[in-house]
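Trainee: Chains as they are written, first to last, in UniProt numbering: chain P, 1 to 228; chain Z, 1 to 228.
There are 2 protein chains.
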Amino acid sequence: MTGLSPFAGRIIWALKLKGVEFESVEEDLTNKSDLLLQSNPVHQKIPVLIHNGKPVSESLVIMEYIDEVWNQTCPLLPADPHQRALTRFWAKFVDEKVTSIELNFVLLKAFASMWSALQMRGKEGGEAALEEAHENLRILEKELEGKKFFGGESIGLVDVTFGSFAKLLDVLDEVMGSDKKMIDEDKFPLMGKWKEQLSELAVVKSCLPPADKLAAAVQARRNESAAA
Amino acid sequence: MTGLSPFAGRIIWALKLKGVEFESVEEDLTNKSDLLLQSNPVHQKIPVLIHNGKPVSESLVIMEYIDEVWNQTCPLLPADPHQRALTRFWAKFVDEKVTSIELNFVLLKAFASMWSALQMRGKEGGEAALEEAHENLRILEKELEGKKFFGGESIGLVDVTFGSFAKLLDVLDEVMGSDKKMIDEDKFPLMGKWKEQLSELAVVKSCLPPADKLAAAVQARRNESAAA
């Protein structure tokens, strides 16, 4: 189910932006392959990029690697050291505060519960976590002020780091037929515009998460909720 | 009490390794200064590096910034993209799995409890966390095989990221007069050697955490334990 991972999505976006040919290998995370276990023995997680036979793990690390190796087109990091530091700061912020697996899970749970009319209120700190998620989205929204992309006039590291996640949420919204978007565009208008700008890029269009797989995952969760 | 922070320590090590003149401003974290709040409004945490009037936050980000701006001496990152990726991978590993504030707290608590003959066993998952800490140290120990420093023949980003923490633990051992070291050298002999190699560097010698402040912090914790 690696096709659903926004972390794997970052790498696919980055490689496509650079125009690099690659082969994407799906991984069954309930039965990890020897290739994965040997390539990323420490974390045993996707994504892993294998280039010239050498593996690189951790999506932020992989993206910087891609940017350094294929440095002739579409820079993901700017040239100026201070701008580079800000870019790394925000990519880390998105990684730790917005797209972390735990948060992802809370968002999905909250959404699944809206959909199945279950209440999250007060349960397992769900509401506090959701409020924190919104607070972090507000911080990010502010970062988009006066800019087309987080990277400025063109897509950069922060756009890729956050974009693969935002697009996943969009497809989820669609699949679930919700009348309210997970990243609510009334609350986050700049983010709404940013997602439109992203959607106009051919590369991004070619990287949409697979709606059929997402629909199946949603159905599985729905069955779990009904059984609980 | 920023003098006790291994995260601030990383920046001081990095600047000294580069031979950069700097002024260190102490911060009372119970009463944060306007300068800190304005310089790092998102996280409101130390360390922050202010260079040419522009702030940079997050210690890993700051270290890369330092390496890029003062790139003529003592490279913290190697030149080869794959080696750079591995260096970033291990710095991230140390940051997230070994020196994270939460883990720091568990280690200190476990140590304080040994010292005051309180038992951590089964309490608040302390033992499981400590076991995880040891497992992560074992992974790091393996990374030192056949190498003088994590950076190879000379000190690099991973050494700085982990070293400021390891030295803090050493001084803590000393201050507390423990007969067993927090990073047990029987269990982690390569790390023991590595710390010796570090200690031989003049720059590291000049960065030892302040024993008097640590002694006061230990005493405060001792009083807390006695009162509990």
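Ideal Cβ placement from N, Cα and C applies to all residues, glycine included.
Would you kindly report the start and end of the unbroken alpha helix (DSSP H) that includes K18 (chain P)?
Mentor: Counting from one through the first sequence, the residue named residue 18 (chain P) turns up at place 18. From DSSP, the alpha helix (DSSP H) with K18 (chain P) extends over P6 to K18.
Trainee: Have a look at Z:L190, Z:I66 and Z:I50 and flag the residue whose alpha-carbon is nearest the alpha-carbon of L144 (chain Z).
Mentor: Translated into the one-based positions of the second sequence, residue 144 (chain Z) becomes position 144. Answer by Cα proximity: Z:L190.
Trainee: Please classify A202 (chain Z): is it buried, with 16 or more other beta-carbons within 10 angstroms of its beta-carbon, or exposed?
Mentor: By 1-based counting over the second sequence, the position of residue 202 (chain Z) is 202. Flag for A202 (chain Z) reads exposed.
Trainee: Would you decide whether T99 (chain Z) is buried or exposed? Buried here means 16 or more other CB atoms lie within 10 Å of its CB.
Mentor: Translated into positions along the second sequence, residue 99 (chain Z) becomes position 99. Under this definition T99 (chain Z) is a buried residue.
Trainee: Taking 8 Å as the cut-off, decide whether the C-beta atoms of Q44 (chain P) and L36 (chain P) are in contact.
Mentor: Your numbering for residue 44 (chain P) matches position 44 in the first sequence. Your numbering for residue 36 (chain P) matches position 36 in the first sequence. Contact flag set, yes.
Trainee: Just the C-alpha distance for F22 (chain Z) and I183 (chain Z), rounded to the nearest angstrom, thanks.
Mentor: The residue labelled residue 22 (chain Z) in the question sits at position 22 within the second sequence. The residue labelled residue 183 (chain Z) in the question sits at position 183 within the second sequence. Rounded to the nearest angstrom, the two C-alpha atoms are 31 Å apart.
Trainee: So, does the region 134-151 of chain Z touch the region 51-67 of chain Z, judging by three or more C-beta pairs under 8 Å?
Mentor: The region 134-151 of chain Z is not in contact with the region 51-67 of chain Z.
Trainee: Pick out whichever of Z:N52, Z:L76 and Z:T30 has its Cα sitting closest to the Cα of V61 (chain Z).
Mentor: Here the question's residue 61 (chain Z) lines up with position 61 in the second sequence. Nearest C-alpha to V61 (chain Z): Z:L76.
Trainee: To the nearest whole angstrom, what separates the beta carbons of E141 (chain Z) and F188 (chain Z), a pair I think is in contact under 8 Å?
Mentor: Taking the first residue of the second sequence as 1, we reach residue 141 (chain Z) at position 141. Taking the first residue of the second sequence as 1, we reach residue 188 (chain Z) at position 188. Correct: roughly 5 Å between the Cβ atoms.
Trainee: Please confirm whether G192 (chain Z) and E200 (chain Z) have their CB atoms less than 8 Å apart.
Mentor: To locate residue 192 (chain Z), count along the second sequence from 1; it is residue 192. To locate residue 200 (chain Z), count along the second sequence from 1; it is residue 200. No, these two residues do not count as a Cβ contact at 8 Å.
Trainee: For residue 236 (chain P), count the other beta carbons within 10 Å of its own beta carbon; 16 or more makes it buried, fewer makes it exposed. Which is it?
Mentor: With chain P covering only 1 through 228, there is no way to say anything about residue 236 (chain P).
Trainee: Using a Cβ cut-off of 8 Å, pull out every chain P residue sitting near residue 229 (chain Z), in sequence order please.
Mentor: Here chain Z covers residues 1 to 228 and nothing more, so residue 229 (chain Z) does not appear.
Trainee: Opposite F149 (chain P) in the DSSP bridges: which residues?
Mentor: For the purposes of this step, residue 149 (chain P) is taken as residue 149 along the first sequence, with counting starting at 1. P:G152, per the DSSP bridge assignment.
Trainee: Grab me the residues of G156 (chain Z)'s own chain with a C-beta within less than 8 Å of its C-beta, minus the 5 sequence neighbours each way, in chain order.
Mentor: Translated into the one-based positions of the second sequence, residue 156 (chain Z) becomes position 156. Result list for G156 (chain Z): P75, L76, L77, P78, T87, F149 and F150, in chain order.
Trainee: Does the count of Cβ pairs from the region 7-25 of chain P and the region 203-217 of chain P closer than 8 Å reach three?
Mentor: Output reads yes: the region 203-217 of chain P touches the region 7-25 of chain P.
Trainee: Is the Cβ-Cβ distance between A8 (chain Z) and I46 (chain Z) less than 8 Å?
Mentor: Position 8 of the second sequence, counting from 1, holds the residue named residue 8 (chain Z). Position 46 of the second sequence, counting from 1, holds the residue named residue 46 (chain Z). It is a contact, given that the beta carbons lie within the stated cut-off.
Trainee: Taking all protein chains shown into account, do 16 or more other C-beta atoms lie within 10 angstroms of the C-beta of G122 (chain Z), making it buried, or fewer, making it exposed?
Mentor: Locating residue 122 (chain Z) in the second sequence gives position 122, where the first residue counts as 1. With a pLDDT of only 40 at G122 (chain Z), under the threshold of 50, the placement of this residue in the model should not be trusted; the figure read from the coordinates follows. So G122 (chain Z) counts as exposed.
Trainee: With H, G and I counted as helix, E and B as strand and the rest as coil, what does DSSP make of L29 (chain Z)?
Mentor: Walking along the second sequence from the start, residue 29 (chain Z) turns up at place 29. Residue state, collapsed to three classes: coil.
Trainee: To the nearest angstrom, report how far apart Q83 (chain P) and V158 (chain P) are at their CA atoms.
Mentor: Taking the first sequence and counting its residues from 1, one reaches residue 83 (chain P) at position 83. Taking the first sequence and counting its residues from 1, one reaches residue 158 (chain P) at position 158. Going from the Cα of Q83 (chain P) to the Cα of V158 (chain P) covers about 12 Å.
Trainee: Return the chain-ordered list of same chain residues with a C-beta closer than 6 Å to the C-beta of H51 (chain Z), the five sequence neighbours on each side being excluded.
Mentor: Your numbering for residue 51 (chain Z) matches position 51 in the second sequence. Here the set comprises nothing.
Trainee: Any C-beta of chain P sitting closer than 8 Å to the C-beta of E64 (chain Z)?
Mentor: By 1-based counting over the second sequence, the position of residue 64 (chain Z) is 64. It does: the Cβ of E64 (chain Z) has a partner Cβ on chain P nearer than 8 Å.
Trainee: If the criterion is Cβ atoms closer than 8 Å, does the pair A166 (chain P) and K195 (chain P) meet it?
Mentor: Locating residue 166 (chain P) in the first sequence gives position 166, counting from the first residue. Locating residue 195 (chain P) in the first sequence gives position 195, counting from the first residue. Result yes, Cβ atoms of A166 (chain P) and K195 (chain P) sit closer than 8 Å.
Trainee: Taking CB distances under 8 Å as the criterion, tell me whether V61 (chain P) reaches chain Z.
Mentor: Counting from one through the first sequence, the residue named residue 61 (chain P) turns up at place 61. It does; some Cβ of chain Z falls within 8 Å.
Trainee: Which of the three DSSP states is assigned to K187 (chain P) in this structure?
Mentor: Sequence index remark: in the first sequence, residue 187 (chain P) carries index 187 (1-based). Three-state DSSP puts K187 (chain P) in coil, outside helix and strand.
Trainee: Roughly how many angstroms separate the alpha carbons of M120 (chain Z) and V171 (chain Z), rounded to a whole number?
Mentor: Counted from its first residue, the second sequence places residue 120 (chain Z) at position 120. Counted from its first residue, the second sequence places residue 171 (chain Z) at position 171. Because the pLDDT of M120 (chain Z) is 40, which lies under 50, any placement of that residue in the model is unreliable, and the number read from its coordinates should be weighed accordingly. For M120 (chain Z) and V171 (chain Z), the distance between alpha carbons rounds to 23 Å.
Trainee: From what residue to what residue does the beta strand (DSSP E) around V56 (chain Z) run?
Mentor: Here residue 56 (chain Z) refers to the residue found at position 56 when the second sequence is read from its first residue. Per DSSP, V56 (chain Z) belongs to the beta strand (DSSP E) from K54 to S57.
Trainee: Output needed for W13 (chain P): all residues of its chain with C-beta closer than 8 Å, excluding positions within five of it in sequence on either side, in chain order.
Mentor: Along the first sequence, one-based indexing puts residue 13 (chain P) at 13. Excluding sequence neighbours, W13 (chain P) sits near V160, G163, S164, V203, V204 and C207.
Trainee: Return helix, strand or coil for L144 (chain P), following the three-state DSSP convention.
Mentor: Here residue 144 (chain P) refers to the residue found at position 144 of the first sequence. Three-state DSSP puts L144 (chain P) in coil, outside helix and strand.
Trainee: Pick from Z:P210, Z:M176, Z:P209 and Z:Q197: whose alpha carbon is nearest that of Q219 (chain Z)?
Mentor: The count along the second sequence starts at 1 and reaches residue 219 (chain Z) at position 219. If we check each option's Cα against that of Q219 (chain Z), Z:M176 comes out closest.
Trainee: Check each candidate in Z:V69, Z:T30 and Z:W90 and name the one with the smallest Cα separation from D80 (chain P).
Mentor: Position 80 of the first sequence holds residue 80 (chain P). Looking at the Cα atoms, Z:V69 is the closest of the given residues.
Trainee: Go ahead and label S33 (chain P) buried or exposed: buried means 16 or more other beta carbons lie within 10 angstroms of its beta carbon, across all protein chains shown.
Mentor: Indexing the first sequence from 1 puts residue 33 (chain P) at position 33. Classification for S33 (chain P): exposed.
Trainee: Mind checking who I50 (chain P) pairs with in its DSSP beta bridge?
Mentor: The residue you call residue 50 (chain P) lines up with position 50 of the first sequence. For I50 (chain P), which the question treats as bridged, DSSP gives the partners P:P55.
Trainee: Thinking C-alpha only, which one of P:L198, P:L214 and P:Q197 is nearest D173 (chain P)?
Mentor: Sequence index remark: in the first sequence, residue 173 (chain P) carries index 173 (1-based). Nearest of P:L198, P:L214 and P:Q197 to D173 (chain P), Cα basis: P:L214.
Trainee: Following the continuous alpha helix (DSSP H) through G177 (chain P), name the residue where it begins and the one where it ends.
Mentor: Taking the first residue of the first sequence as position 1, residue 177 (chain P) is located at position 177. Element bounds for G177 (chain P): n/a, residue is neither H nor E.
Trainee: Hey, would you say S39 (chain P) sits closer than 8 Å to V25 (chain P), going by beta carbons?
Mentor: On the first sequence, residue 39 (chain P) is found 39 positions in, with the first residue counted as 1. On the first sequence, residue 25 (chain P) is found 25 positions in, with the first residue counted as 1. Cβ atoms of S39 (chain P) and V25 (chain P): not closer than 8 Å.
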